Amino acid sequence: MAIREILEVPDPRLKTVSEPVEPHEFDDDLRSLVEDMFETMYAAPGIGLAAIQVGVPKRVLVIDLQEPDEDAEPVEGEDGVERYPAKNDPRTFINPVILDPAEELSTYNEGCLSVPEIYADVDRPATCTVHYQDLDGNEHTEQLEGLLATCIQHEMDHLEGILFIDHLSRLKRQMALKKLKKLRQAA
Ligand code: NI
């Protein structure tokens with residue numbers, strides 16, 4: 029396993045439309061790509077990553093929301109506050125397709141490892157059904173809601189070369205990019 033470099037705006041590769049994983053490509057290379065994507069995502073840290081974000085234009089997503097595990101014993105953090113430890117639920121989606129996005133929208137304050145330090149509210153369908161393949165090529169259909177529904181729609185945008193800031197007004201997007209530029213100059 030290896031941590032790969034995450035592409036950041038304005039890298040033009042992030043605008044690539046990713047290609048499907050073909051039947052003969054469900055192999056060890058795909059397995060190590062997915063392992064590296066998880067390692068890269070956990071290290072960042074983030075909750076979702078698309079293959080194009082590590083420069084691979086294939087329709088592959090990894091997600092782990094790492095939500096608090098309320099069945100576990102709370103652990104005291106460095107700030108002295110007790111919190112539930114994160115529960116790991118690694119999910120791999122290959123060639124995902126969204127079938128029936130809900131008309132009802134939900135708003136989430138999104139961020140992206142390719143647009144560091146920038147957060148903005150984005151409206152997306154509150155629930156959706158996703159059809160996808162796993163690492164063995166088996167097909168699955170699943171109804172998603174809550175943060176997982178939001179997250180998979182954000183990640184699927186990456187497969188079309190779309191970033192969450194592309195959902196903002198031109199003015200808000202320019203302000204976000206300007207803020208990022210300033211943060212980089214200060215670093
Ligand atoms: Ni993203």
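Positions in the sequence shown are counted from 1; adding 28 to them yields the working numbering.
Ideal Cβ positions, reconstructed from N, Cα and C, are used throughout, including at glycine.
Keep in mind it's a predicted model, so treat the numbers as computed, not measured.
Query                                                                                                                                          : Result
Taking 7 angstroms as the line, does the beta carbon of C140 fall inside it for any heavy atom of the ligand NI?                               : yes
What number of angstroms, rounded off, separates the C-alpha of Y136 from the C-alpha of D151?                                                 : 7 angstroms
Restricting to Cα atoms, I'd like to know which of I31, D149, E110 is closest to L196.                                                         : D149
Please classify Y219 as buried or exposed, where buried requires at least 16 other C-beta atoms within 10 Å of its C-beta.                     : A query on residue 219 cannot be resolved here, the shown segment of the chain reaching from 29 to 215 and no further.
Would you check if the distance between the CB atom of G189 and the CB atom of F54 is smaller than 8 angstroms?                                : no
What are the start and end residues of the beta strand (DSSP E) that includes Q171?                                                            : 167-173
Along the chain, where does the alpha helix (DSSP H) that runs through E63 open and close?                                                     : 56-71
Please name the residue in I75, I180, L187 whose C-alpha comes closest to that of K43.                                                         : L187
Near H168, what residues of its chain come up, given a Cβ to Cβ distance below 8 angstroms and the 5 sequence neighbours on each side ignored? : H159, Y160, Q161, D162
With a CB to CB cut of under 7 angstroms and the five nearest residues on each side skipped, what residues in its chain are close to S142?     : I34, L35, E36, V37, L42, Q81, L191
Using the DSSP secondary-structure output, state which residues sit across from N137 in a beta bridge.                                         : D149
Roughly how many whole angstroms lie between the Cα atoms of H52 and M184?                                                                     : 22 angstroms
Got a sec: does the ligand NI put a non-hydrogen atom nearer than 7 angstroms to the Cβ of H195?                                               : no
Around the C-beta of L77, are 16 or more other C-beta atoms found within 10 angstroms, so that it is buried, or is it exposed?                 : buried
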